[in-house]
Amino acid sequence: MDRARIEKLLRRVRAGRTPVRLALEELRSLPFEDVGFAKVDTHRALRKGFPEVIWGAGKTAEQIVGLIRVYRRHGHAVLATRVDPDKAGAVRRQVPEMKYDPVARMLTLRPGPWKRVGRGVVAVVAAGTSDLPVAEEARLTAWLMGSPVRTFYDVGVAGIHRLFRSGPDLQRARVVIVVAGMEGALASVVGGVVEAPVIAVPTSVGYGANYGGLSALLAMLTCCAPGVAVVNIDNGFGAGYLAAVINRL
0 MDRARIEKLL RRVRAGRTPV RLALEELRSL PFEDVGFAKV DTHRALRKGF PEVIWGAGKT
60 AEQIVGLIRV YRRHGHAVLA TRVDPDKAGA VRRQVPEMKY DPVARMLTLR PGPWKRVGRG
120 VVAVVAAGTS DLPVAEEARL TAWLMGSPVR TFYDVGVAGI HRLFRSGPDL QRARVVIVVA
180 GMEGALASVV GGVVEAPVIA VPTSVGYGAN YGGLSALLAM LTCCAPGVAV VNIDNGFGAG
240 YLAAVINRL
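Reminder that position 88 of the sequence shown reads as 87 in numbering that gives the first Met the number 0, one-by-one numbering, no gaps.
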């Protein structure tokens, strides 16, 4: 239940079109709904502006479907991250309306037409093609939360001239997400040339000394360019969510 739905319900009660008893029944599941294996935070959309997100890894298809049904009953958007193709197929056989992005590994469902909430554009910059799953996770999250998104992919520092060609477009973005593995240098470069806040996402892409993304994480954390913040390794969702929140302010 989000703010708009509660306001509509209260107006109906005030106008006498909905009895108090029925309104109380509709509000009964606030602040959460217990479905046995999980306590679904149905209050989160009202509290934070976006509903609870499903972490798909480690959950069965049946559990994901159960959560989806709760969200749909409350009129919420649905976003499930880190869902592998086999699990996504099992979910979509039960809920065909769900959309699946195999690159981002995300299941999504909007309750209505996409609505712009963000004030500007979120830019997603990815160093290489191997970083695309994380970059697409960020892009799809920000977009579902109402932010227009522009992407700048395969513009890593090994061919930095590819990035500079996009300089004017990057300067117009309100928030920039930079996704990079290996040594993670792209975040420092972008942070040094744009005015907007930069959200750096280290990825686990890289050879042995990359240590599963640790080298990129440490490089981004020690970035000398001002205005750069860092999320966890491979956390495209966290970056996209934060970018959308900043873009609303």
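All C-beta atoms, glycine included, are put in the ideal place defined by N, C-alpha and C.
Around Ala79, the same chain offers Ile53, Gly55, Ile63, Met105, Leu106 as residues with beta carbons nearer than 7 angstroms, after the five sequence neighbours per side are excluded. Comparing alpha-carbon positions, the option among Pro167, Leu108, Val200 lying closest to Gly127 turns out to be Val200.
Partner residues in the beta bridge of Trp54, as assigned by DSSP, are Thr80. Per DSSP, reduced to three states, the secondary structure at Thr128 is helical. Collapsing the DSSP output to three states places Glu136 in a helix.
In the three-state reduction of the DSSP assignment, Ala122 falls in the strand class, which pools E and B. Here Ala141 is not near Val133, since their CB atoms are 8 angstroms or more apart.
Pairing Ala122 with Leu162 gives a Cβ-Cβ distance that is not under 8 angstroms. Straight through space, the alpha carbons of Val174 and Ile245 are spaced by roughly 7 angstroms. Cβ neighbours of Arg118 within its own chain (closer than 8 angstroms, five residues either side excluded): Arg173, Asn246, Arg247, Leu248.
Secondary structure at Val39: strand, using DSSP grouped into helix, strand and coil. When rounded, the separation of the alpha-carbon atoms in Val124 and Val90 is 31 angstroms.
Within the same chain, His42 come within 6 angstroms of Pro30 by CB-CB distance, once the 5 residues on both sides are set aside. In terms of CA proximity to Val102, Leu139 leads the group Leu139, Thr59, Ile67. Of the candidates Thr59, Gly155, Ile198, Gly57, the residue whose Cα lies closest to the Cα of Val204 is Gly155. With a beta-carbon spacing of about 14 angstroms, Asp33 and Glu51 fall beyond the 8 angstroms limit used to define contacts. Looking at the DSSP output, Val156 shares a beta bridge with no other residue. Annotated as proximal: Gly145 and Lys114, with beta-carbon spacing under 8 angstroms. Beta-carbon to beta-carbon, Thr202 and Asp153 are separated by about 14 angstroms, too far to satisfy the 8 angstroms threshold.
Within the same chain, and ignoring the five residues on either side of Val77 in sequence, the residues whose Cβ sits closer than 6 angstroms to its Cβ are Ile67, Tyr70, Leu108.
Taking a 10 Å sphere around the C-beta of Tyr240, we find 16 or more other C-beta atoms and assign the residue as buried.
Taken atom to atom, the span from the alpha-carbon of Ile198 to that of Arg11 is near 42 angstroms.
Assignment of beta-bridge partners to Leu108 by DSSP yields Val77.
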